[in-house]
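Asker: For the sequence shown, this note's numbering assigns the number -15 to the initial residue and increments by one for each residue that follows. Note that beta-carbon positions come from the ideal geometry of N, C-alpha and C, so glycine has one too. Here the structure is a predicted model, which is why all the values come from computation and not from measurement.
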Amino acid sequence: GDIPLIGSAFRHKDATESERELIIFITPHILREDFAKEYKEAFIKQPIIREQNIPQDRLNHINSALSNFKSSGN
(Lines of atoms letter the chains of each structure in order from A and count residues from 1; the text may use other names and numbers.)
(Lines give C-alpha, C1' and ligand atoms only; values in the text may rest on other atoms or scores of the structure.)
Protein backbone atom coordinates (compact mmCIF):
# COMPACT_ATOMS: atom_id res chain seq x y z
CA GLY A 1 0.00 0.00 0.00
CA ASP A 2 3.01 2.39 -0.06
CA ILE A 3 3.10 2.91 -3.84
CA PRO A 4 2.07 6.50 -4.66
CA LEU A 5 -1.28 6.79 -6.48
CA ILE A 6 -1.90 3.07 -6.96
CA GLY A 7 -0.93 1.74 -3.54
CA SER A 8 -4.49 1.78 -2.26
CA ALA A 9 -5.49 -0.71 -4.96
CA PHE A 10 -3.20 -3.24 -3.29
CA ARG A 11 -3.91 -2.39 0.34
CA HIS A 12 -5.77 -5.03 2.32
CA LYS A 13 -7.11 -5.10 5.86
CA ASP A 14 -7.69 -8.45 7.52
CA ALA A 15 -8.70 -9.52 11.01
CA THR A 16 -5.88 -12.08 11.22
CA GLU A 17 -2.34 -11.29 12.30
CA SER A 18 -0.66 -12.98 9.32
CA GLU A 19 1.70 -10.96 7.15
CA ARG A 20 1.84 -11.11 3.37
CA GLU A 21 4.07 -9.51 0.82
CA LEU A 22 3.08 -8.51 -2.71
CA ILE A 23 5.99 -8.15 -5.09
CA ILE A 24 5.45 -6.44 -8.44
CA PHE A 25 8.21 -6.45 -11.02
CA ILE A 26 8.17 -3.55 -13.47
CA THR A 27 10.37 -3.74 -16.54
CA PRO A 28 10.79 -0.52 -18.54
CA HIS A 29 11.14 -0.75 -22.31
CA ILE A 30 12.20 1.87 -24.85
CA LEU A 31 9.79 1.87 -27.79
CA ARG A 32 10.10 3.39 -31.23
CA GLU A 33 7.70 6.31 -31.62
CA ASP A 34 5.54 4.58 -34.27
CA PHE A 35 5.26 1.39 -32.22
CA ALA A 36 4.54 3.35 -29.03
CA LYS A 37 1.60 5.10 -30.71
CA GLU A 38 0.11 1.78 -31.90
CA TYR A 39 0.63 0.20 -28.48
CA LYS A 40 -1.00 3.15 -26.70
CA GLU A 41 -4.05 3.02 -28.99
CA ALA A 42 -4.45 -0.73 -28.45
CA PHE A 43 -3.99 -0.35 -24.69
CA ILE A 44 -6.65 2.38 -24.41
CA LYS A 45 -9.20 0.16 -26.16
CA GLN A 46 -8.93 -2.59 -23.53
CA PRO A 47 -11.49 -2.65 -20.70
CA ILE A 48 -8.77 -2.72 -18.04
CA ILE A 49 -10.93 -1.90 -15.02
CA ARG A 50 -13.45 -4.65 -15.74
CA GLU A 51 -10.73 -7.22 -16.39
CA GLN A 52 -8.93 -6.41 -13.15
CA ASN A 53 -12.18 -6.55 -11.20
CA ILE A 54 -11.16 -3.68 -8.92
CA PRO A 55 -13.72 -3.14 -6.13
CA GLN A 56 -15.63 0.13 -6.55
CA ASP A 57 -14.39 1.69 -3.28
CA ARG A 58 -10.76 1.12 -4.28
CA LEU A 59 -11.44 2.40 -7.79
CA ASN A 60 -12.97 5.58 -6.32
CA HIS A 61 -9.89 6.05 -4.13
CA ILE A 62 -7.55 5.58 -7.11
CA ASN A 63 -9.53 8.04 -9.25
CA SER A 64 -9.49 10.58 -6.42
CA ALA A 65 -5.72 10.21 -5.99
CA LEU A 66 -5.16 10.59 -9.73
CA SER A 67 -7.36 13.70 -9.83
CA ASN A 68 -5.40 15.24 -6.95
CA PHE A 69 -2.14 14.33 -8.68
CA LYS A 70 -3.24 15.93 -11.99
CA SER A 71 -4.57 19.08 -10.31
CA SER A 72 -1.32 19.60 -8.40
CA GLY A 73 0.49 20.03 -11.73
CA ASN A 74 2.59 16.85 -11.60
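Within its chain, find whatever has a CB closer than 7 Å to the CB of Glu17; leave out the 5 residues flanking it on each side and keep chain order.
Answerer: Position 33 of the sequence shown holds residue 17. If we look at Glu17 and ignore the five residues flanking it on each side, it has no Cβ neighbours.
Asker: According to DSSP, is Ala64 part of a helix, a strand, or is it coil?
Answerer: What is shown of the chain runs -15 to 58, which leaves residue 64 out entirely.
Asker: So, are the CB atoms of Ile46 and Ile(-10) less than 8 Å apart?
Answerer: Residue mapping note: residue 46 aligns to position 62 of the sequence shown, counting from 1. Residue mapping note: residue -10 aligns to position 6 of the sequence shown, counting from 1. Yes. Within cutoff.
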